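First up is the structure itself, then whatever we jot down about it.
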Amino acid sequence: MHYETDKNNHGLPFNPFKSCVVPRPIAWISTLSREGCANLAPFSQFNIVGWDPPYIMFAASAHPVGARRKDSVCNVQETGEFVFNMATYDLRDAVNKSAMYVEADVDEFELAKRNPRSTSSRRGSPPRRCTSSACISRRWCCPVTAPRPHSTW
Ligand SMILES: Cc1cc2nc3c(=O)[nH]c(=O)nc-3n(C[C@H](O)[C@H](O)[C@H](O)COP(=O)(O)O)c2cc1C
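If you're matching positions, the sequence shown starts at 506 in my numbering and goes up one per residue.
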């Protein structure tokens with residue numbers, strides 16, 4: 506099959522672009538806003554991109570509403586910190602809940618019924634998910650905005 510990504514002329518019920526790279530594990534990214542509001546969001550577009558020094562990246566698409574950025578991105582840009590939590594199958598319901606679009610001042614740990622007080626990170630200030638099998642705190646973030654046609658950012 507041949508199709509053009511800007512035309513989406515594939516004739517399939519769903520856009521096959523993301524299915525070209527599967528399976529993708531899910532990062533459950535926790536951040537804090539400047540005001541201290543906790544945010545949780547799943548990202549399948551993530552990976553480690555180096556181990557010496559250890560780097561982790563996650564990629565956020567555009568927010569569906571206007572020229573707004575996703576809260577996770579705003580928080581990382583404001584604080585320079587995020588925590589990667591591995592999203593495992595047993596956490597799937599809470600992970601899906603945390604993918605809802607809500608206002609930036611909504612505590613998504615409360616939304617996903619997670620308690621950030623008992624799961625504060627040892628190093629990074631964003632809370633971590635204590636039952637994740639792996640949690641990695643990252644500082645010194647380098648946000649990159651990829652160019653896109655007709656960008657309003
Ligand atoms: C399993 C799963 C994987 C997702 N992966 C991504 C991703 O890689 N990039 C992205 O921009 N959004 C992804 N999303 C959607 C975001 O999680 C969603 O937009 C989230 O609400 C953003 O929250 P925020 O505004 O609090 O940062 C994913 C959602 C789900 C359920």
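Here a beta-carbon is modelled for each residue, glycine too, at the ideal position from N, C-alpha and C. The structure displayed is predicted, hence computed values, not measured ones.
Remark: the C-beta of A599 is outside contact range of ligand 1, defined as less than 7 Å to any heavy atom.
The beta-bridge partner set that DSSP reports for Y560 consists of G555. Taking a 10 Å sphere around the C-beta of D610, we find fewer than 16 other C-beta atoms and assign the residue as exposed.
Cβ atoms of P547 and A617 stay farther apart than 8 Å, at about 10 Å. Taking 4 residues as the shortest admissible run, the segment 533 to 603 contains the following complete alpha helix (DSSP H) segments, listed from N- to C-terminal end: 576 to 584, 597 to 602.
In the three-state scheme derived from DSSP, where H, G and I count as helix and E and B as strand, C525 is classed as helix. Within 10 angstroms of the beta-carbon of W645 lie fewer than 16 other beta-carbons, which makes it exposed.
Membership of C640 in the beta strand (DSSP E) is indicated by the continuous run 640 to 643. The nearest non-hydrogen atom of ligand 1 is 7 Å or more from the C-beta of N520. Comparing alpha-carbon positions, the option among T536, T584, D511 lying closest to C640 turns out to be T536. Short of 6 Å from the beta carbon of I553, and not among the five residues preceding or following it, lie these beta carbons of its own chain, in chain order: I561.
Remark: fewer than three beta-carbon pairs, one from each stretch, lie closer than 8 Å, so the segment 512 to 525 and the segment 579 to 591 are not flagged as touching. Counting along the chain, F614 sits inside the alpha helix (DSSP H) bounded by residues 613 to 616. Inter-residue distance for A651 and I534 is about 20 Å (C-alpha atoms, whole angstroms). Setting aside the 5 residues that flank it on each side, R539 is surrounded in the same chain by E583, T584, each with a C-beta closer than 7 Å to its C-beta; the list follows chain order.
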